[in-house]
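Scroll down for the structure; my scribbles are underneath it.
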């Protein structure tokens, strides 16, 4: 996963649309998730926090690849208790699942500031507003992660890469990139929860 974490420019992210190129990252995500699932079903499973950490990093790896449905599925296997002690963990969860509960449910403090900005990245019809709020969300995320524990600080690069993938694949981008698609269709897709596209859909 570390090899891919510095890829935040559009061209580098687009290379990961080819699963052959992204094979090591995809393999890491699948191994982490399958390991968590196997251990959870074993006769002597490890601590819940260890299983949560495996699924959490699997979700992040899927998001770094741009596969947000798989990231959402992996993140759903992380227990709620895992997020209670860390705003950074909640921010990464929101990045990996930009249509999920951490984006929808109001909170407080620094996470609420991040949540409000991150939500606009996918729902505001203005590209300029989406760009501005993305930068604000990334500033909040980076500052929060770097001021936390070493574990939280280690999430900065991967979290930022996943966030850039989410912005690149945002369904709202179709308002400009595909003007032949009716605006109402794009807006309704976002309202229904489809806030990001899969890489093959984006290419088409």
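Numbering (the numbering used here), first residue to last: 947 to 1150. Glycine included, C-beta positions come from ideal geometry on N, C-alpha and C. All values derive from a computational prediction rather than experimental measurement.
DSSP-derived helix/strand/coil call for residue i
i, result
"residue 987", "helix"
"residue 968", "coil"
"residue 974", "helix"
"residue 1116", "strand"
Alpha helix (DSSP H) segment containing residue i, residue limits
i, result
"residue 999", "994 to 1011"
"residue 1126", "Segment: none, residue 1126 is in no alpha helix (DSSP H) and carries neither H nor E."
"residue 1100", "From DSSP, residue 1100 is part of no alpha helix (DSSP H); its letter is neither H nor E."
"residue 1016", "1014 to 1021"
Rounded straight-line distance, which links the Cα of residue j to that of residue i
i, j, result
"residue 1061", "residue 1083", "8 Å"
"residue 1013", "residue 1145", "7 Å"
"residue 1118", "residue 990", "46 Å"
"residue 1051", "residue 1091", "21 Å"
"residue 981", "residue 1019", "15 Å"
"residue 1065", "residue 1044", "7 Å"
"residue 992", "residue 1123", "47 Å"
"residue 1109", "residue 1115", "10 Å"
Closest residue to residue i among the options (Cα-Cα distance)
i, options, result
"residue 995", "1053, 1028, 967, 1121", "1028"
"residue 1005", "1022, 990, 1068", "1022"
"residue 1047", "1055, 1026, 1034", "1026"
"residue 1140", "1068, 1102, 1125", "1068"
To test your reading of the DSSP string, which unbroken alpha helix (DSSP H) runs of 4 or more residues are found completely within the segment 1035 to 1086?
1047 to 1050, 1055 to 1069
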